[in-house]
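All remarks here apply to the structure that follows.
In full-length UniProt numbering, the protein residues as written are 1 to 310.
Have a look at this one:
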């Protein structure tokens with residue numbers, strides 16, 4: 001082995017000695033030729049949708065990691081592809097709450113969710129809102145990483161997010177987001193920036209964006225009460241992991257079912273320019289002490305809390 005290294009070193013030394021005898025003009029001409037050849041072979045830079053980068057890091061996406069919200073043909077193609085040993089297996093879930101805590105949710109009581117959804121459909125949807133496609137009880141994750149319990153209605157024209165009081169059984173607020181306004185939908189794992197101190201969620205979500213690639217203004221980022229956030233982020237409701245019943249009965253709490261129907265609704269709109277990406281969704285939270293306490297205690301959900309309910 002040492003003999004080979006010695007020979008190699010001697011050869012390199014000889015090459016360097018020969019290069020010194022070459023004229024400067026020849027070297028310059030050779031360098032120009034090599035530069036031109038490399039320039040000709042250089043690949044154009046890959047264009048990246050800025051709206052995706054402002055809400056999710058698509059550079060680390062995995063096509064085989066996000067099969068739940070894709071069509072049967074794409075899932076079959078993904079299954080036929082050879083597995084990557086270095087790739088994590090998704091979805092992985094840290095199940096929120098436990099079976100005892102979940103019983104404190106008012107939405108866990110029989111008939112409560114169905115009654116609330118039917119009331120919202122009757123009171124808030126009109127013929128001009130388009131064809132009714134489905135309804136869900138999901139978890140909305142705000143800009144400040146706070147989890148909120150929300151009823152979500154989907155039609156062929158819009159997504160309606162409803163804040164509902166499951167104790168008093170009445171609507172508190174609602175917001176309409178028209179599908180025509182969406183420019184990007186991201187489906188994937190919820191992640192935090194590399195420098196974040198917040199523990200990993202191991203949870204999937206879907207983000208609806210209409211910021212046209214523009215960054216969120218600072219006055220919105222630093223205002224926890226701002227209503228001008230140009231995106232919505234949903235995850236499955238905690239009841240999804242504890243609900244007993246058929247897959248159809250549990251689908252009311254399943255983000256994947258909502259994402260699939262939303263994707264089909266977008267694809268059926270010939271005028272829509274919305275792009276659908278399967279990639280991690282970045283939640284811009286770096287310390288998150290307040291949101292950790294908020295989410296751990298379930299403050300965004302209507303629950304029985306000792307002698308009180310709120």
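Beta carbons: idealized from backbone N, C-alpha and C, even for Gly.
Between which two residues does the alpha helix (DSSP H) carrying residue i extend?
i: residue 256; result: 255 to 267
i: residue 117; result: 112 to 124
i: residue 290; result: 289 to 296
Measure from the alpha carbon of residue i to the alpha carbon of each residue in the options, then state which is nearest.
i: residue 202; options: 215, 188, 195; result: 188
i: residue 280; options: 274, 222, 191, 175; result: 191
i: residue 275; options: 292, 158, 263; result: 263
i: residue 143; options: 235, 222, 241, 278; result: 222
i: residue 181; options: 197, 166, 230; result: 230
i: residue 283; options: 232, 254, 241; result: 232
i: residue 290; options: 224, 255, 234, 228; result: 224
i: residue 254; options: 193, 266, 234; result: 234
i: residue 153; options: 169, 111, 126; result: 126
i: residue 303; options: 120, 124, 149, 140; result: 149
i: residue 194; options: 286, 300, 305; result: 286
Alpha carbon to alpha carbon, what distance is there between residue j and residue i?
i: residue 185; j: residue 244; result: 30 Å
i: residue 295; j: residue 146; result: 6 Å
i: residue 163; j: residue 277; result: 27 Å
i: residue 288; j: residue 159; result: 28 Å
i: residue 207; j: residue 100; result: 30 Å
i: residue 250; j: residue 210; result: 29 Å
i: residue 196; j: residue 122; result: 43 Å
i: residue 118; j: residue 157; result: 19 Å
Looking at the unbroken beta strand (DSSP E) that takes in residue i, where does it start and where does it end?
i: residue 175; result: 170 to 178
i: residue 165; result: 158 to 165
i: residue 100; result: No beta strand (DSSP E) contains residue 100, which is instead part of the alpha helix (DSSP H) from 99 to 102.
i: residue 139; result: 132 to 141
i: residue 128; result: Where residue 128 is concerned, there is no enclosing beta strand (DSSP E), given that its DSSP letter is neither H nor E.
i: residue 107; result: From DSSP, residue 107 is part of no beta strand (DSSP E); its letter is neither H nor E.
i: residue 276; result: 275 to 278
Would you call the stretch 243 to 257 and the stretch 270 to 282 in contact, with 3 or more CB pairs under 8 Å? Here the stretch 243 to 257 makes no contact with the stretch 270 to 282; the two share fewer than three CB pairs at distances below 8 Å.
Tell me the start and end of each unbroken alpha helix (DSSP H) in the stretch 183 to 254 that is at least 4 residues and wholly inside, in chain order. Those alpha helix (DSSP H) runs which fall completely within the stretch 183 to 254 and span 4+ residues are 218 to 221, 247 to 250.
Below 8 Å, how does it come out for the stretch 233 to 241 and the stretch 120 to 131: are there three or more Cβ pairs, yes or no? With a cut-off of 8 Å, the stretch 120 to 131 and the stretch 233 to 241 do not count as touching, because too few Cβ pairs lie within range.
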